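Residue numbers (this note's numbering), protein chains in the order written: chain E, 1 to 96; chain V, 101 to 196; chain C, 201 to 296; chain L, 301 to 396. Ideal placement from N, C-alpha and C gives every residue a C-beta, glycine not left out. Every value quoted in this text rests on a predicted model; they were computed, and no experiment measured them.
There are 4 protein chains.
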Amino acid sequence: MDELIKEINKFRDERNWRQYHNPKDLSLSLSLEASELLENFQWLSAEEGAEKNRQNIEEELADVFIYGLMMADDLGIDMEEAILRKLEKNREKYPK
Amino acid sequence: MDELIKEINKFRDERNWRQYHNPKDLSLSLSLEASELLENFQWLSAEEGAEKNRQNIEEELADVFIYGLMMADDLGIDMEEAILRKLEKNREKYPK
Amino acid sequence: MDELIKEINKFRDERNWRQYHNPKDLSLSLSLEASELLENFQWLSAEEGAEKNRQNIEEELADVFIYGLMMADDLGIDMEEAILRKLEKNREKYPK
Amino acid sequence: MDELIKEINKFRDERNWRQYHNPKDLSLSLSLEASELLENFQWLSAEEGAEKNRQNIEEELADVFIYGLMMADDLGIDMEEAILRKLEKNREKYPK
């Protein structure tokens with residue numbers, strides 16, 4: 001993911017956008033992108049949505065990850081470690 | 101990310117949870133986790149939320165990524181490529 | 201609100217849309233409209249958003265209420281009573 | 301709805317909460333409540349969720365309306381008129 005974060009930071013630095021990227025507004029934007037992702041299934045079954053809107057699903061999912069990686073980088077969170085730690089916690093919460 | 105996906109799939113397979121994981125319900129859950137992430141900033145400034153709720157922000161962000169990686173894997177989406185493609189598209193939409 | 205519900209039901213009956221209106225998909229749509237409402241404040245302060253997007257705020261808020269009233273009517277919930285009951289509960293939870 | 305708005309305003313004035321109620325944070329809270337409403341259908345069918353979580357659905361729906369009515373009142377929006385106007389616009393967009 002380090003390579004991705006480098007690319008994402010390059011993108012926002014070239015546009016001088018970091019000034020807008022406080023964690024509250026990044027989190028708000030991530031939530032809006034998650035809704036746009038979900039919109040691909042509005043009034044549709046899972047199968048219909050996944051088939052009809054494949055391209056947009058991929059793009060909205062990418063937007064969710066881009067905002068998430070910006071937020072993690074700004075807050076000094078290592079997402080790989082965070083994911084592994086959360087899986088560990090879930091393993092304890094929901095034993096096999 | 102391949103290693104993370106392997107861990108995530110192992111987690112859900114050990115609990116026999118793939119039967120619930122259609123893309124509509126995964127997308128719905130991702131959106132709920134994005135809201136729980138945002139809740140860390142409810143009635144707070146960006147700074148207050150980031151400081152007060154650092155631990156929970158990390159965990160909710162991890163949940164967003166876990167659902168996102170499940171969804172991508174189920175739909176055959178390579179997230180690294182999807183992110184790079186989306187950045188390229190954004191570069192064209194928002195020129196420097 | 202009875203008059204509003206009558207108008208809303210007339211609207212969906214004339215289009216034969218009730219077949220799609222199960223409470224899960226209505227709730228999903230209400231959540232999407234709530235995000236479109238919130239989008240009016242993305243990257244903006246409360247004042248900037250309220251001034252710049254007054255018209256859209258009114259329309260998205262109306263969409264939230266329309267889906268909410270459909271859902272309430274379908275589930276036999278009297279929204280006026282539900283709101284008063286919730287205020288009573290909140291009064292107990294947050295004493296003056 | 302005038303009576304409801306009066307009750308809601310009394311509730312927040314008694315707690316001196318209007319200072320927090322700018323339209324951006326009210327819209328953010330409305331969106332969080334809409335997600336809590338949707339959570340009643342997570343991993344469940346529409347029927348299962350509606351039956352199992354009837355009480356919570358009613359309460360979260362009430363929270364959505366309470367935030368919506370606060371926001372409308374603060375912005376000088378008459379919700380009844382706004383809903384009727386939106387239905388009229390929808391009638392033009394989706395002819396019978």
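Rounded to the nearest angstrom, how far is the Cβ of residue i from that of residue j, given a contact under 8 Å?
i      : j      : result
C/Y294 : L/R312 : With a Cβ gap of about 10 Å, C/Y294 and L/R312 do not count as contacting.
V/E180 : E/L61  : Rounded, the Cβ-Cβ distance is 12 Å, inconsistent with contact.
If the cut is a Cβ gap below 7 Å, which residues of chain E does residue i touch?
i      : result
C/D225 : W43
V/K186 : E59, A62, D63 and I66
V/E192 : Within chain E, no residue comes near V/E192; the closest Cβ sits about 12 Å away, beyond 7 Å.
Hey, residue i and residue j: beta-carbon distance below 8 Å or not?
i      : j     : result
V/I157 : E/E58 : no
E/M71  : E/I8  : no
Could you pull out every residue in the same chain whose Cβ sits closer than 6 Å to the Cβ of residue i, ignoring the five residues on either side in sequence?
i      : result
C/S231 : none
L/W343 : none
E/D73  : I5
L/F341 : G349
Quick one: list the residues of chain V neighbouring residue i, beta-carbon separation under 8 Å, in chain order.
i      : result
C/L228 : L128
E/N56  : Result: empty, since nearest Cβ-Cβ is about 11 Å, beyond 8 Å.
So which residues of chain C does residue i contact, with C-beta pairs closer than 9 Å?
i      : result
L/K396 : E214 and R215
L/M370 : Chain C residues near L/M370: none, gap ~11 Å exceeds 9 Å.
Which bits of chain E does residue i rub up against, with CB to CB less than 8 Å?
i      : result
C/E239 : L32
Can you list the residues of chain C that residue i reaches, using a CB-CB cut of under 7 Å?
i      : result
L/E322 : Before going further, note that residue 322 of chain L is Asn rather than Glu in the sequence given. In chain order: A246.
L/I383 : L204, A262, F265 and I266
Might you give, ordered along the chain, the residues of its own chain that have their beta carbon closer than 8 Å to the beta carbon of residue i, omitting 5 neighbours on each side?
i      : result
E/M1   : L69, M79 and E80
L/A382 : A372
C/L275 : P223
Residues of chain L with CB closer than 8 Å to the CB of residue i, please, in chain order.
i      : result
C/M279 : L361, A362 and F365
Using the beta-carbon of each residue, which ones in chain C are nearer than 8 Å to residue i?
i      : result
L/M301 : M201
Please list, in chain order, all residues of the same chain as residue i whose beta carbon is under 7 Å from its beta carbon, the five residues on each side excluded.
i      : result
C/I296 : Just to set this straight, residue 296 of chain C is Lys in the shown sequence, not Ile. Nothing meets the Cβ criterion.
V/E133 : E160, D163, V164 and Y167
V/N153 : N140
Are the stretch 119 to 129 of chain V and the stretch 36 to 50 of chain E touching, with three or more C-beta to C-beta distances below 8 Å?
-> A contact is defined here as three or more CB-CB pairs under 8 Å, and the stretch 119 to 129 of chain V meets this definition with respect to the stretch 36 to 50 of chain E.
Does the pairing of the stretch 149 to 156 of chain V with the stretch 106 to 124 of chain V give three or more beta-carbon distances under 8 Å?
-> The stretch 149 to 156 of chain V, when compared against the stretch 106 to 124 of chain V, does not touch it at the 8 Å Cβ threshold.
Would the stretch 69 to 87 of chain E and the stretch 158 to 171 of chain V be scored as touching if the rule is three or more Cβ pairs under 8 Å?
-> The stretch 69 to 87 of chain E makes contact with the stretch 158 to 171 of chain V: 3 or more CB pairs, one atom from each, lie closer than 8 Å.
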